[in-house]
Each structure stands twice: as structure tokens, then as C-alpha cells.
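Residue numbers (the UniProt record's numbering): 1 to 436.
Beta carbons: idealized from backbone N, C-alpha and C, even for Gly.
Model, not experiment: these values are computed from the prediction.
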Amino acid sequence: MRHLVRKNGIPVLVYSQGDSTSPLLLSLVIKCNDLLTQATVCLQSSLRIRGFNDAQSFILQYDVDNFAPGSSSIGPAAINLDQTRLKKVARHGNPQIRTLFLTFKTPCAVWFPTTDGPLVPQDDSKGIFQELGQLAQATRVNILFDHNWLHRDTHATSQRMIKHPETFSAFPVSTHYGKHSRCGSWTDFHLVDSDVQAGAEAPSEDPEPPPPYFESHKRSRQGTFTHPSSHSRNSKRVPLSPFFEHVPTSPTEKNTLSPKQHISPEGAKGPGISTPSLQAVIEQTLSALLPSTIEALLPKVLPQVLTTAHANYLRQIADVEFDEAQEEHRLQLCMEKDDVIADVERVVDGKLAELKERADAVMHDATEHLDALEYEKRKLQSERKDLEREKGELRKGKSLLAWEQENLRHEREKFERHVGKANPLARGTRAGSAPV
């Protein structure tokens, strides 16, 4: 098994035929087995479902054998992409946006999270949930992707999948997805009419969002200053009593002698004299002391407050810039990590393919050598049988020759005896002629 793109998938924009206004951002995964000619295209998305704390995976399974032969193709981008969408699907460098036009015989299978009841999306996932269900129902789907994600070693397989899908069978993705998901169809989305849904959900007016945090501490360009609130004012505690009604509020008034006023408790309780309420005393005291206190404190506090506010503003700006730089660096590291993993996977796949080819060649040579040795062995065994047969025949011939030789010897002796009896003179002559 291998993946024609990254194992974790690549970002793509998907929309059904005739509905290109709002393509969905999904993850594309292509699983294939070259030896068994199996291939399946999967589109993945994560949605928040009621009953789960984390986002759950939804997978649209498009088996290649479900492609309508002669109706699928690959071409240039069919819709215009702005920079935001382009950055979402582009890999790096110079993106080569292509559109994969797919037509299916039947709607695709869908892998859902396992639940006891019907699937109900959370409020922030209702729109994507409905669009994903409509996409699963469609039999004509267009996929926008960056062609740079495809390695050149996978081009032949991908072209064969598009031009000759009938030569493939479905890849058994259930061995992996079936462990934590259940297989269903687009009917499990329980699609409703958009008008009915819009009427059922009354629009609500959201309050105006507050400004960014650092804007609330931003100093005005005109140099104006907003007085701090009474809770944060570093003011002196003022006794809430009419005895302090004539507390000096300025250096001139402070140096001026004034007679003290004594109020007798008995006099306050006498008839015809009304005691002021606590609220009136507070208002009277504050109205007398607050303006002069603020005038005295502002020259001392204002520079420090302005400096602190400006420092807080700069700190907030620096924090935001640092967070943005950190997030950008993290995304860059993620992309580089994915690229390195993809490169390593391609190198490993290439090395495995090379080792497989070498192993097949060695196995082929070894098989041929073994076949040759087997042939030689059978040939030698046949020759050995022939030699053993000839050896047996030679043994028989040798025995026959020995027997004939013995017969000849007996015949010779018999002949010589017969000749000796018939001509004794000749034998004597031969005997006399012998040298002494």
C-alpha cells in the first residue's frame, strides 16, 4: 500500500458541479495498491458534533471503480481563487492549481463517528455539516488542488486512475476506518431545505464586537487624557462629617484662620433643627473636595499615568506582533516538517521500489539458475541410468565371453586329444624333433 499524496492528506477546495460559489476546504487522501490495482480517493473534514468534546472526522469515500469511465479528467482551475483561498491549498513556491473533474456512478460512502442516535452538529458546524451532506449526495464533484503536491513518480498511476478507472478495484479502507467509525451514506446527514431552515432559525442581532485589547489602551494623537475612574483614583480618604466641611483645599485657604464650628449633639436633636442625611453629607463633601483634590493630584499623577499607558500600549503591540510571528513560525515549521516527511516517504518508497526490483531480479536469476541445475541433475540422472544399464549389459557380455572362452578351451583340449589319438606318429615326430 502507498499514498499518492501525503499520508495525512493535502488541502483541497471541493465543490459539486454547478455550485462553485462556496467550495469546501477539505483534506485529500489517495490510498492505492499497485500490485492488486486497488485505489480509493478520500475527502476528510472535522466537525463539532453534539455529544463529543473534540471535533470528529467525516470521510467521503470515492472508490476508483465507482468512477464513470470516460467522464473524469484533470485540467486548469475552473474558478477564480483569491489570495486567501490560494494560500490555503498552495504548497510552496509557484503553485500550479489544477481541477480534478470526477463523475461517479452512485453517491459515495461516508464514514461517520459512532453515535447512539442521529448526528446533530453544534451551532458553529451546522453550515459545513449541510454542505458536506450535499457534497456526499452529488455524483459530479470538482476538486481544486496544487499539482506540486503530486510527486512525479505518482503521475502515471494518477493518470491511469482517471483515464481507465475500470481497471481498478476499491481499496479496503474499512480495515482502518472501521475501527473507530461507522459507514453510512448521505442520508445520515438528514438534509433539510435551506428555506425551511432559514425560517426555522430566526436571525439574531449580535452585539457589536469590542475593539481589540490593545486598542483600549491606545493613547490619543491629540494628547487628550481620560480621567481615571473613581475606583482606581489614588485619593485621600475624606471623613464623612460636617465638621470637615471647611477643610482647606488650597494653600491660601489653608493659611487662613477660620473659627471652628461646634455642633452640640443635644442641639442636633432639638426641635426645629433637621439633621442632614448621610447621602447629602457625602455629596456635599465630595462636591467641595473633589475638584481641588483632582487639580492637586493631576500634575503629579498624569505624567506617570500617561507613561504607563503608553508603555502598556507598546507592550500590547509587541505581544501581538510576537504572537503573530510565533504562529507564523509554527506554521512554517509545520509545512517544512510535512515537506520533509513527504520527501522522506518518497525516498523510502523509491528505495523500497528499487530494492524490490533488485530482489525480483535476484530471485529471477536464482530461479533460472535453479532450473538449470535441476535440468542438469535430471540429465545426469538419466545418463547414470544409461551407464548402469550399459554396465549391466557389459557384465552380461563379459560372462558370456568367459563362458565361450571356457567352451573354446574345452573344445581345443578335446580336439587335441582327438588329433593325438588319430596320428600318434606325427605326435612322436613332433616329440623327436623337439630340441634336446
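Query	Result
Any heavy atom of the ligand NAP within a distance shorter than 7 Å of the CB on residue 183?	This structure does not include the ligand NAP; it has no bound ligands of any sort.
For my contact list, residue 168 and residue 64 are in at a C-beta cut-off of 8 Å; report their separation, rounded to the angstrom.	4 Å
Report yes if the CB atom of residue 5 is closer than 8 Å to the CB atom of residue 135, and no otherwise.	no
Looking at the secondary structure, which residues open and close the beta strand (DSSP E) in which residue 127 lies?	Run containing residue 127: none in the beta strand (DSSP E); it sits in the alpha helix (DSSP H), 126–137.
Out of curiosity, what's the CA-to-CA distance linking residue 372 and residue 28?	50 Å
Between which residues of its own chain and residue 105 is the CB-CB distance below 8 Å, once the five residues before and five after are set aside?	66, 67, 68, 139
What does DSSP give as the partner residue(s) for residue 109 in the beta ladder?	61
What is the DSSP secondary structure of residue 13, counted as helix, strand or coil?	strand
Assuming residue 26 contacts residue 43 (C-beta within less than 8 Å), just tell me the rounded distance between them.	5 Å
So if DSSP puts residue 40 in a beta bridge, which residue, or which two residues, is it bridged to?	31, 63
Please work out which residues of its chain come closer than 6 Å, Cβ to Cβ, to residue 7, disregarding the five sequence neighbours upstream and downstream, and give them in chain order.	none
Check whether the segment 82–92 and the segment 117–129 are in contact - that is, three or more C-beta pairs closer than 8 Å.	no
When DSSP labels each residue in this structure, what does residue 422 get in the three-state scheme?	helix
What separation, rounded to the nearest whole angstrom, lies between the Cα atoms of residue 380 and residue 386?	10 Å
What three-state label does DSSP hand residue 187 in the structure shown?	helix
Starting from the C-beta of residue 131, find all residues in its chain whose C-beta is less than 8 Å away, skip the five residues before and the five after it, and write them out in chain order.	22, 24
Just to confirm my understanding: we take residue 20, look at its own chain, exclude 5 residues before and 5 after, and list those with CB closer than 8 Å. What are they?	78, 79, 142
Could you pull out every residue in the same chain whose Cβ sits closer than 6 Å to the Cβ of residue 438, ignoring the five residues on either side in sequence?	Residue 438 is absent from the model: the chain starts at 1 and stops at 436.
With distances taken between CB atoms, is the gap from residue 188 to residue 112 smaller than 8 Å?	yes
If you run the structure through DSSP and keep just helix, strand and coil, what is residue 341?	helix
Going by the beta-carbon positions, is the gap between residue 349 and residue 2 smaller than 8 Å?	yes
Does the structure place the segment 30–37 close enough to the segment 51–58 that three or more beta carbon pairs sit under 8 Å?	no
Under 8 Å by Cβ, that's how I've got residue 184 and residue 120 pegged, so tell me the actual separation to the nearest angstrom.	Incorrect: roughly 15 Å between the Cβ atoms, too far for contact.
Taking the alpha-carbon of residue 55 as reference, which of 122, 307, 41 has the nearest alpha-carbon?	122
Going by beta carbon distance, what residues of the same chain come within less than 8 Å of residue 12, once the five residues before and after it are set aside?	25, 26, 27, 28, 43, 89, 143, 144, 145
Quick one: what's residue 507 bridged to in DSSP?	There is simply no residue 507 to check, as the chain begins at 1 and stops at 436 in what is shown.
Within 10 Å of its beta-carbon, does residue 108 have 16 or more other beta-carbons around it, so buried, or fewer, so exposed?	buried
Could you check the C-alpha separation between residue 59 and residue 175 for me, to the nearest Å?	14 Å
For residue 262, name the three-state secondary structure that DSSP assigns.	Annotation note: pLDDT 42 at residue 262 (below 50); position unreliable, no value reported.
Under three-state DSSP, which class holds residue 46?	strand
Looking at residue 92: is its Cβ nearer than 8 Å to the Cβ of residue 335?	yes
Less than 8 Å between the beta carbons of residue 73 and residue 162, yes or no?	yes
Leaving aside the five residues before and after residue 186 along the sequence, list all residues of the same chain whose C-beta is less than 7 Å from its C-beta, in chain order.	107, 110, 133, 136, 137
Return helix, strand or coil for residue 164, following the three-state DSSP convention.	coil
Between residue 408 and residue 422, what straight-line distance do the alpha-carbon atoms span, to the nearest angstrom?	21 Å
Could you name the residues of the same chain whose beta carbon sits closer than 8 Å to that of residue 325, not counting the 5 residues immediately before and after it, in chain order?	none
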